[in-house]
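In UniProt numbering, the protein residues as written are 1 to 504. All residues carry an ideal CB built from backbone N, CA and C; glycine is no exception.
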Ligand code: UN1
């Protein structure tokens with residue numbers, strides 16, 4: 001493992017200044033923003049004092065924003081895409097510094113923001129409804145999508161800016177103001193993103209005040225806003241525990257929630273699989289982002305005839321994985337976000353061993369120091385025990401074997417979470433069965449690629465404990481709008497539906 005070289009904090013501050021975030025904002029009292037690279041404190045960010053004002057402003061902004069034609073709203077998002085392109089390197093570097101992602105993944109995250117901007121600009125001219133045949137003569141029926149109102153976006157540390165962009169870009173073109181409560185672990189990337197957005201807003205010229213607000217705060221801030229009836233939609237990304245709490249609060253006031261929660265993603269490897277490809281896919285999806293993606297590969301379900309050979313190849317690959325300062329050339333695995341994540345890694349490995357698991361490789365901590373660096377682990381498990389059922393946000397890959405393909409699919413589905421899944425096979429029968437109604441029960445199902453690294457064009461999200469929400473592409477935009485069924489009578493009669501007679 002390579003040790004951190006230059007103090008991450010100093011670099012953070014340079015970038016913040018370049019991106020236009022004034023020092024007064026990140027050098028006050030409040031939340032400590034630490035770089036996981038070396039534990040240095042990069043800034044202190046004050047909590048947003050008055051959430052009532054935030055909700056009021058968003059409500060006022062809604063009344064103006066919804067009157068702008070959708071393609072005009074799309075113009076703001078187009079400008080945001082331009083600003084993000086101009087700031088890509090700086091913002092990506094800040095993601096590396098604050099979330100610990102390697103350089104390529106930091107850049108990838110900002111690219112994901114740019115991609116959703118492009119998608120949303122196109123969407124702004126494609127908010128299509130339906131026309132419906134009316135049973136009554138001289139009547140037209142149609143279904144129209146209307147702006148919904150302020151959207152609260154609660155995002156997690158692991159995709160500190162892209163998940164905001166998925167939500168915000170769609171919300172803005174749909175006519176909804178956005179309130180963003182980022183993870184308290186990554187306030188600096190949020191401030192920087194807000195500064196980039198502010199430049200787009202200034203160029204746009206007709207955005208109402210309060211159209212896109214940032215709220216710095218902890219759990220209580222998220223809870224208070226989730227309970228606020230002025231906010232019709234709460235889109236939350238994070239742990240299942242957090243999502244359950246948010247969903248209950250929002251449901252109690254009959255609000256709408258869009259949840260993107262934990263995953264426990266599996267890969268089924270069959271005897272016909274191309275093992276060269278499988279090894280590469282496993283490495284990226286199991287150890288990339290240091291195992292801190294909701295789409296991270298956590299369970300490897302291998303046919304018993306190839307298990308030993310595949311594990312041997314993975315063990316060899318894992319032994320030489322470059323772990324270290326994510327800014328370093330060739331480094332593929334940066335730090336865990338904090339010591340609590342390190343403790344969860346240790347605890348899960350201990351529990352796995354107690355439940356009959358055997359650590360094949362990895363599982364150790366790096367040199368002493370404030371950054372939490374670990375060697376990704378592979379653990380052979382006798383069954384999907386309690387630890388395997390649980391999402392530990394760290395690079396631990398559990399390996400299990402099977403003898404019959406139906407058994408493998410049943411194993412893939414036998415966990416509480418339902419985000420992403422995949423099969424490696426050259427058999428069209430197995431591939432299509434996996435994608436069939438009796439195949440994978442997840443929101444995402446792939447063939448011959450890993451479970452992580454989805455493109456923005458598809459709807460992103462999953463079933464069961466993952467929360468059921470869909471964000472990003474396809475028709476995920478409909479969650480951000482209000483559906484209205486409209487009936488227009490252009491005749492001189494007043495016929496009633498279902499043939500009901502009512503003469504007065
Ligand atoms: C997340 O980890 O919360 O599919 C999102 C992926 C990324 C998004 C992950 N595009 O891995």
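Residues of its chain near residue i, where Cβ-Cβ distance is below 8 Å and the 5 sequence neighbours each way are ignored
i: residue 279; result: 310, 313, 314 and 317
i: residue 101; result: 95, 109, 289, 326 and 334
i: residue 274; result: 424, 426 and 448
i: residue 446; result: 420, 421, 422 and 423
i: residue 493; result: 137 and 138
i: residue 504; result: none
Identity of the residue in the options nearest residue i by Cα
i: residue 68; options: 290, 220, 326 and 208; result: 208
i: residue 60; options: 228, 210, 449 and 173; result: 210
i: residue 354; options: 232, 495 and 379; result: 379
i: residue 522; options: 364, 193 and 23; result: The chain is shown from 1 up to 504; residue 522 falls before or after that span and cannot be answered.
i: residue 350; options: 377, 197 and 483; result: 377
i: residue 253; options: 231, 494 and 264; result: 231
i: residue 292; options: 114, 397 and 220; result: 397
i: residue 296; options: 488, 272, 218 and 395; result: 395
i: residue 202; options: 64, 77 and 405; result: 77
i: residue 151; options: 166, 141 and 367; result: 166
i: residue 357; options: 344, 370, 306 and 387; result: 387
i: residue 324; options: 37, 31 and 14; result: 37
i: residue 457; options: 18, 16, 65 and 114; result: 114
i: residue 13; options: 72, 70 and 97; result: 97
i: residue 305; options: 454, 405 and 331; result: 405
i: residue 258; options: 92, 242, 276 and 235; result: 235
i: residue 65; options: 488, 455, 490 and 206; result: 206
Cβ-Cβ distance between residue i and residue j below 9 Å
i: residue 260; j: residue 473; result: no
i: residue 159; j: residue 185; result: no
i: residue 266; j: residue 244; result: no
i: residue 58; j: residue 213; result: yes
i: residue 174; j: residue 80; result: no
i: residue 227; j: residue 250; result: yes
i: residue 124; j: residue 82; result: no
i: residue 365; j: residue 372; result: yes
i: residue 176; j: residue 62; result: yes
i: residue 162; j: residue 48; result: no
i: residue 409; j: residue 440; result: yes
i: residue 42; j: residue 35; result: yes
i: residue 129; j: residue 233; result: no
i: residue 370; j: residue 40; result: yes
i: residue 281; j: residue 443; result: no
i: residue 393; j: residue 343; result: no
i: residue 411; j: residue 389; result: no
i: residue 332; j: residue 374; result: no
The ligand UN1 heavy atom lying under 8 Å from the CB of residue i
i: residue 420; result: yes
i: residue 234; result: no
i: residue 112; result: yes
i: residue 452; result: yes
i: residue 434; result: no
i: residue 424; result: no
i: residue 163; result: yes
i: residue 193; result: no
i: residue 158; result: yes
i: residue 144; result: no
i: residue 82; result: no
i: residue 293; result: yes
i: residue 237; result: yes
i: residue 345; result: no
i: residue 460; result: yes
i: residue 391; result: no
i: residue 463; result: no
i: residue 98; result: no
Neighbourhood of residue i by C-beta distance below 6 Å, restricted to the same chain and skipping five residues each side
i: residue 478; result: none
i: residue 470; result: 459, 461 and 476
i: residue 20; result: 195
i: residue 485; result: 143
i: residue 180; result: 153, 164 and 214
i: residue 352; result: 379 and 387
7 Å CB neighbourhood of residue i in its chain, flanking five on each side removed
i: residue 262; result: 239, 240, 294, 391, 417, 465 and 466
i: residue 302; result: 269, 310, 399 and 401
i: residue 502; result: 496
i: residue 27; result: 43 and 44
i: residue 29; result: 44 and 46
i: residue 8; result: 35, 37, 38, 40, 42 and 97
Minimum Cβ-Cβ distance from residue i to chain C less than 9 Å
i: residue 403; result: The structure shown contains no chain C, having only a single protein chain.
Residue ranges of each alpha helix (DSSP H) run of no fewer than 4 residues wholly in the region 83-138, ordered along the chain? 103-123
Runs of alpha helix (DSSP H) lying entirely within the region 256-303, each at least 4 residues, in chain order: The qualifying runs are 275-287.
Every unbroken beta strand (DSSP E) inside the region 39-67 [3 residues or more]: 41-45
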